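First residue of the sequence shown: 21, per my numbering; consecutive thereafter.
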Amino acid sequence: MRGRADRKMTEQEMTRRLREAAASVDRSFLPGETAVTRVLATRSCTVYYERNPAGRWVVSVPEIRGCRRVGLSLSDARRLIQEALDLFLGAEARTVKVLEEIRLPEELKQASREAAEARAKAARAQEEAQALTRDAVAKMVNGARLSVRDTSELLGICRQRVQQLADPGEGSFR
21 MRGRADRKMT
31 EQEMTRRLRE
41 AAASVDRSFL
51 PGETAVTRVL
61 ATRSCTVYYE
71 RNPAGRWVVS
81 VPEIRGCRRV
91 GLSLSDARRL
101 IQEALDLFLG
111 AEARTVKVLE
121 EIRLPEELKQ
131 ASREAAEARA
141 KAARAQEEAQ
151 ALTRDAVAKM
161 VNGARLSVRD
171 TSELLGICRQ
181 RVQQLADPGE
191 GSFR
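Structural data, given as structure tokens:
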């Protein structure tokens, strides 16, 4: 009876099997031209990510027949498809631009877009608040000659931050 450790495939064994599979794949789509040479000529390929019913990410590269992997997570799937591309394309795989398309149900795409827009809006609002705070500190400390302590209380920020904003050149690395 084999032990549990014997049943697990080592990484070298997995790599060897992937290389064998990659070598045995019929890569021709057009007469006289292989998919791999087309990908290398255009220096780009599209990678599609889809979730299967089991919740795993199925990743495929339609330009290269047989270049497909399944990952437990999106980051795992990205790593696995890069390994597969390395096997199919060899040393030049890192020079190929990978265009990713993650296929999601429309409601998830919409939720993702809305979240991205909200984050962008919040970032713009934060930048605006910082600029207005800088201006207020300059007017209060430098213009009206209020103390750092009073300015801190009025603006609701710590005294150290008021000091930084009032004299931005001091204490900075040059």
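Glycine residues also receive a C-beta, built at the ideal position from the N, C-alpha and C atoms. A quick note: this is a predicted structure, and the numbers were derived from the prediction, not measured.
CB of residue i within 8 Å of CB of residue j, strictly
{"i": "L174", "j": "T153", "result": "no"}
{"i": "R39", "j": "L107", "result": "yes"}
{"i": "L60", "j": "V116", "result": "yes"}
{"i": "R181", "j": "R169", "result": "no"}
{"i": "L105", "j": "A113", "result": "yes"}
{"i": "R85", "j": "W77", "result": "no"}
{"i": "A138", "j": "V157", "result": "no"}
{"i": "A97", "j": "R89", "result": "yes"}
Those residues which DSSP pairs with residue i across a bridge
{"i": "G91", "result": "W77"}
{"i": "C65", "result": "V118"}
{"i": "E70", "result": "V78 and R123"}
Where the beta strand (DSSP E) through residue i begins and ends
{"i": "R133", "result": "No beta strand (DSSP E) holds R133; the alpha helix (DSSP H) holding it covers E126 to V157."}
Start-to-end residues for the alpha helix (DSSP H) that takes in residue i
{"i": "L166", "result": "Unbroken run through L166: none, as it is neither H nor E."}
{"i": "A186", "result": "R179 to A186"}
Chain B within 8 Å of residue i, Cβ atoms only
{"i": "G86", "result": "This model lacks chain B altogether; it includes just one protein chain."}
| request: Evaluate contact between the segment 128 to 139 and the segment 156 to 163, counting only Cβ atoms and requiring at least three cross-stretch pairs below 8 Å. | output: By the Cβ rule, the segment 128 to 139 does not count as touching the segment 156 to 163, because fewer than three pairs are nearer than 8 Å.
| the segment 77 to 86 touching the segment 52 to 69, judged by at least three CB pairs closer than 8 Å | Taking 8 Å as the limit for Cβ pairs, the verdict is that the segment 52 to 69 does touch the segment 77 to 86.
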